[in-house]
Structure formats: C-alpha cells, structure tokens
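J.:
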Amino acid sequence: MIALHNIHATMGSFTLEGINLSVPTSSHALLGPSGAGKSTLLKLILGLIHPQSGKIYFDQKDITALKPYERNFGYVPQHLALFPHMNVHENILYGIKAQKKDVDKKFLDELLTLSRLEPLLHRYPSTLSGGERQRVALLRALAIQPKLLVLDEPFSALDITLKQELWMFLKRVQKEFSIPTLFITHDLDEAYFLADSVSVMINGKIEQTGTKEEVFSHPKTVSVAKYLGYKNIFKAYTKDGVLYIPSLQTSFQTNIRCEKECDILIVPEKILLQPSSKNSLHGSIEWLQFKEHFLGIFKTENGAYVYIKSKEKIDTNSISVPPSAFIKLH
C-alpha cells in the first residue's frame, strides 16, 4: 500500500527526519502521543505538504510530486469540515463534482444503505447529530471511490456507543468495497478493532511497525511500552547467568541476557497468582479494580510495585514471574 523512504520534512517548528515506513496491510493505524508528528505524516501522504527529501510510494508508484487531487485519496479531517451551506446530499457529492467525475449511482446507493443516511439527504449539518455528521464526512470521502481512505482521529469527539457504531460501519465498508484505510487514533481499542497493522510514532520517529498483535503484545522500546500503557518497566542486568532487578531486590531465571544495564518489561497478563520454586515475589495487594479483567497493584516486601492483569480475582500474598513474562526493551 503506502511506503515512505527516508522522508525529511519541516512544518512550522516541527521536523520529521529520516522517516521510513512500509504499511504491510490494507488497514493501518498510526498511533502516538500528541505532537509526535502523525498529522504531519498524513499531510505528506495526502500531498498537502511536500517533503524536502525522500520518496512516497503508493502501490509501488512514486507519488511524491503529485498534487492531492491527482492521488485520489479520500480524507476525513479531525473536525470533519462539512460545508454548512450544503445539505447532506450536496456534501456527499462535493468531491465527485470538484473532480468532475461521473456519479456511480450503484456504488453511492450501496454506501447510503450501509450508512442509513438516505432519509437525511436534504438535512443540513447543523441539524445532524455527531454520529450522523461523522457518517456524512465518511461518505463524502468514500464517494470518489478513493484508492486510499485517510482518517485523522475521526471518532475522537464521540461517546463510546457512537464510536462502536461507526467502527462497525467502517469495518463493513472495508469488507464490502476493499478500500485500503490509513488512520490516526489515540484509542487503542479502536486501533485493535479496525486495523490489521499499526505503527507507533514518538517524537517524529516511527518506533515500531507490525501487526497489532505483535506491537501490542511485544513492544520493542521503552517509549512504545509506556505509550501502550505498560507499567512494569525495570532496570536490570545479568549476573552469574540470572537476571537481577535491583528495584525488586530479586534475581530471576530467564533467557534474557544484558551485557550491561538494560530495560525489562514484565507483562502483567503473564504473572502467575501463586508462588513458585523460582522467580517468586512476596507481598500484598495494594489496589484492585475490575474492568474486563482484574487489574491489581502488588506491593512487594521491599516496597516496590508490580502491576498484574488476570481473568481470576487477584487475592494473593505471593506471585511468580515465568520466563515468558519478560521482554527486553531497547
């Protein structure tokens, strides 16, 4: 789908340097904290700004110098940008008329049926709900039959019920029409539901790209792990063949080796709620919450904290950390 090769670009005071990205699937989420450069990257892909150097490819074709309309990408900006003086029907057809294309009535009718917007075609944006305006913006981007659908945090202002409805709508569109999708989101649930692959962007750099399972379950760097919400990140080193974590005042038997001090993640879902002959910690449960899983904070005897996630209720004075729970971060 999209590939960026050694992109250098400046927008205001923000600079992207040496960006390399190859999107491996037809539905890709771009994640990262505010100010990471995600929107700047989208503008480069859309052709709204151009890089100082580097190349942008779509389906192996160099599109770096193409104007936005020559790329034929559909775009839904964060604030939708519906035209208030146009009704729903006029808004949806705007891109088609601007590009002087013929209306594909069959395609448009299928979109209207999927979106349930037919009864609202003569209404104006000011009379629509947030979810309805969102669907209008999506249909305007889709009506041109784009080669790529690009979304910049499209559902961030909606409540969870509306979000989930629109996730389902977009998922059906992806399935019915096979339109590749690239989107920015801060919502990890949204990324997991809609995307096949994800990239995490931190401080203007792509830190990690992979399938959603790879990235969410096995972050490669401290920055990615922290962004994804992991808490159990510890300094560690290897001594006499075992991994020693000073803050836990304990050594662990693992396959991880650190030639010098390194960062270690202990995956909370993999912690066992009973003691073991090795890799055990003793203490007490400091805090407990239920949200799909039991989430707990275990306070060790020396006052350190370890975060636990379990399908079982967490009620124990001892835990053990199997070798598979450790990830070495870079």
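With the numbering used here applied, the sequence shown has no gaps in its numbers, which climb one by one up to 330 at the end. Built from N, CA and C at the ideal position, the CB exists for glycine as well. All of these numbers come straight from a predicted model, not from anything done at the bench.
(1) Going by C-alpha distance, which of Leu194, His50, Thr316 and Tyr227 is nearest Gln208?
(2) Could you pull out every unbroken alpha helix (DSSP H) segment of at least 4 residues lying fully inside the region 92-147, listed in chain order?
(3) Quick check on Glu153: buried or exposed, where buried means 16 or more other Cβ atoms within 10 Å of its Cβ?
(4) Hey, could you find the ends of the beta strand (DSSP E) Thr300 is sitting in?
(5) Alpha carbon to alpha carbon, how far is Ser39 from Phe14? Give it in angstroms, no decimals.
(6) Could you pull out every residue in the same chain whose Cβ sits closer than 6 Å to the Cβ of Lys235, ignoring the five residues on either side in sequence?
(7) Need the endpoints of the beta strand (DSSP E) that Met11 sits in, please.
(8) Is DSSP giving Leu158 helix, strand or coil here?
(9) Along the chain, which unbroken stretches of the alpha helix (DSSP H) at least 4 residues long are found entirely within the region 204-273?
(10) Consult DSSP for Leu85 and reduce its assignment to one of helix, strand or coil.
(11) Let me know if Gln134 comes out buried or exposed under the rule of 16 or more other beta-carbons within 10 Å of its beta-carbon.
(12) Under three-state DSSP, which class holds Ile285?
(13) What's the call for Asn203, buried or exposed, on a 16-neighbour Cβ count within 10 Å?
T.: Result, derived from the coordinates:
(1) Here residue 208 corresponds to residue number 208 of the sequence shown, with the count starting at 1. Comparing Cα positions, the closest option is Tyr227.
(2) 105-115 and 130-143
(3) Locating residue 153 in the sequence shown gives position 153, counting from the first residue. The residue in question, Glu153, is buried, as its Cβ has 16 or more Cβ neighbours within 10 Å.
(4) Your numbering for residue 300 matches position 300 in the sequence shown. Run containing Thr300: His293 to Thr300, per the beta strand (DSSP E) assignment.
(5) Here residue 14 refers to the residue found at position 14 when the sequence shown is read from its first residue. Here residue 39 refers to the residue found at position 39 when the sequence shown is read from its first residue. Phe14 and Ser39: Cα-Cα distance of roughly 11 Å.
(6) For this step, residue 235 is matched to residue 235 along the sequence shown. Correct list, in chain order: Glu261.
(7) In the sequence shown, counting from the first residue as 1, residue 11 sits at position 11. Ile2 to Met11 is the extent of the beta strand (DSSP E) around Met11.
(8) Within the sequence shown, the letter at position 158 stands for residue 158. If DSSP states are grouped into helix, strand and coil, Leu158 belongs with coil.
(9) 212-217 and 222-227
(10) Position 85 of the sequence shown, counted from the first residue, corresponds to residue 85. According to the sequence shown, residue 85 is His rather than Leu. His85 falls in the coil class under three-state DSSP.
(11) The sequence position of residue 134 within the sequence shown is 134, counting from 1. Classification of Gln134: buried, given that the 10 Å Cβ count is 16 or more.
(12) For the purposes of this step, residue 285 is taken as the residue at position 285 of the sequence shown. Here Ile285 sits in strand by DSSP.
(13) The residue you call residue 203 lines up with position 203 of the sequence shown. Exposed, because fewer than 16 other Cβ atoms sit within 10 Å of the Cβ of Asn203.
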